[in-house]
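When we follow the working numbering, the leftmost residue of the sequence shown carries the number 10, and every step to the right adds one.
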Amino acid sequence: MANVLQSKRESSRFQILVEIAAHQPNLRQKEVANKLGVTPQAISEYIKELVVDGLVTTDGRMRYSITKEGVEWLLESAAELKRYARVVMEEIISHVSVWTAIAETDLVEGERVSLEMRGGLLYANKKEKIEASGIVIASVSEGEDVGISDLRGLISLEEGRITLCKVPRVQAGGSRGVDLEVLKGLLSEERMVGCLGIEALVALRKAGRKPDVLFGAKEFAVEAAYHGVSSLVVSVDEQIPGLLTRLESEGLKYELIDLTLG
Numbered sequence: 010m011a012n013v014l015q016s017k018r019e020s021s022r023f024q025i026l027v028e029i030a031a032h033q034p035n036l037r038q039k040e041v042a043n044k045l046g047v048t049p050q051a052i053s054e055y056i057k058e059l060v061v062d063g064l065v066t067t068d069g070r071m072r073y074s075i076t077k078e079g080v081e082w083l084l085e086s087a088a089e090l091k092r093y094a095r096v097v098m099e100e101i102i103s104h105v106s107v108w109t110a111i112a113e114t115d116l117v118e119g120e121r122v123s124l125e126m127r128g129g130l131l132y133a134n135k136k137e138k139i140e141a142s143g144i145v146i147a148s149v150s151e152g153e154d155v156g157i158s159d160l161r162g163l164i165s166l167e168e169g170r171i172t173l174c175k176v177p178r179v180q181a182g183g184s185r186g187v188d189l190e191v192l193k194g195l196l197s198e199e200r201m202v203g204c205l206g207i208e209a210l211v212a213l214r215k216a217g218r219k220p221d222v223l224f225g226a227k228e229f230a231v232e233a234a235y236h237g238v239s240s241l242v243v244s245v246d247e248q249i250p251g252l253l254t255r256l257e258s259e260g261l262k263y264e265l266i267d268l269t270l271g
């Protein structure tokens, strides 16, 4: 198997195969082309190669499915990327970087401690059976910030979920045109809340919730997701396209809910 990290061609085949597996049997070649930064014609040629190689099947009507061989190739390539990532984390970055964590107990310089991510923050403790660990660079007391070097293993972190709620502009009713009961139901889940626009702010106030982030909600949603924190962003409708573009450019998953009454 060719190395997907050393060959642009194999890297593109890998990404296209992932897209086919995720969206089969319907694949929007133009969207994949935009994501990979190539032309739709190039995507078409790559898919033809995948069909010839037996990794993909087609019914001849622009409908594609990944084969058993394609799944195996994808798994082998993903394992290769995972091995490379582990080498980077364990053998390279861990030896030149100092990570900052919150000490959950008194820690002594030079001891190896366990590391875990919770609520978007890195914690150092003495728990067993944790995948990641590191060396304390200076003794600290419980609750203090602690420097960690020689990181070993991978810190488990699930991507946070992003829920976008669209509210109408004031000309179309603003907060008065929002289904507050639906909004209150969404706010009942434990997650951070941001807003874009006065209409969104007033709707949140009517629902009894003060936003955690009033400015910079786009960056907030992205950073929160990368740190494993789920978020709810209430936005006036004219801001939605820009927000969607930002999230899609980062490859983040999201759910869009229209809160407009009726």
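Heads up, the beta-carbon is just placed ideally off N, CA and C, and yes, glycines get one too.
- The C-alpha of Ala-31 is placed about 14 Å away from the C-alpha of Lys-44.
- In this structure Leu-205 touches Ala-226 by the C-beta definition: roughly 5 Å separates them, less than 8 Å.
- Secondary structure of Asp-159 (DSSP, three-state): strand.
- Two segments are said to touch when three or more pairs of C-beta atoms, one from each, lie closer than 8 Å; by this definition the region 210-220 touches the region 166-186.
- Residue pairing by DSSP places Val-222 opposite Gly-203 in a beta bridge.
- Note on the region 94-153: whole beta strand (DSSP E) runs with a minimum of 3 residues are 108-112, 121-127, 130-134 and 141-145, in chain order.
- About 6 Å separates the CB atoms of Glu-125 and Ile-139; that is less than 8 Å, so the two are in contact.
- When secondary structure is reduced to three states using DSSP, Glu-208 falls in the helix class.
- By the criterion of at least three beta-carbon pairs nearer than 8 Å, the region 39-53 is not in contact with the region 64-77.
- Beta-bridge pairing by DSSP links Ser-240 to Ile-171 and Met-201.
- Rounded to whole angstroms, the separation of the alpha carbons of Leu-59 and Gln-38 is 14 Å.
- For Arg-218 against Leu-196, the beta-carbon gap comes to about 5 Å, under 8 Å, which counts as contact.
- Cα atoms of Val-242 and Glu-78: separation of roughly 41 Å, rounded to the nearest angstrom.
- With 16 or more other Cβ atoms inside 10 Å of its own Cβ, Pro-220 counts as buried.
- Assignment of beta-bridge partners to Glu-78 by DSSP yields no partner.
- Close CB contacts of Ala-110 within its chain, under the 7 Å cut and outside five residues either way in sequence, are with Leu-124, Leu-131, Tyr-132, Ala-133, Val-155 and Ile-157 (chain order).
- Ranked by how close their Cα comes to the Cα of Ser-258, the residues Val-202, Val-41 and Glu-85 have Val-41 in first place.
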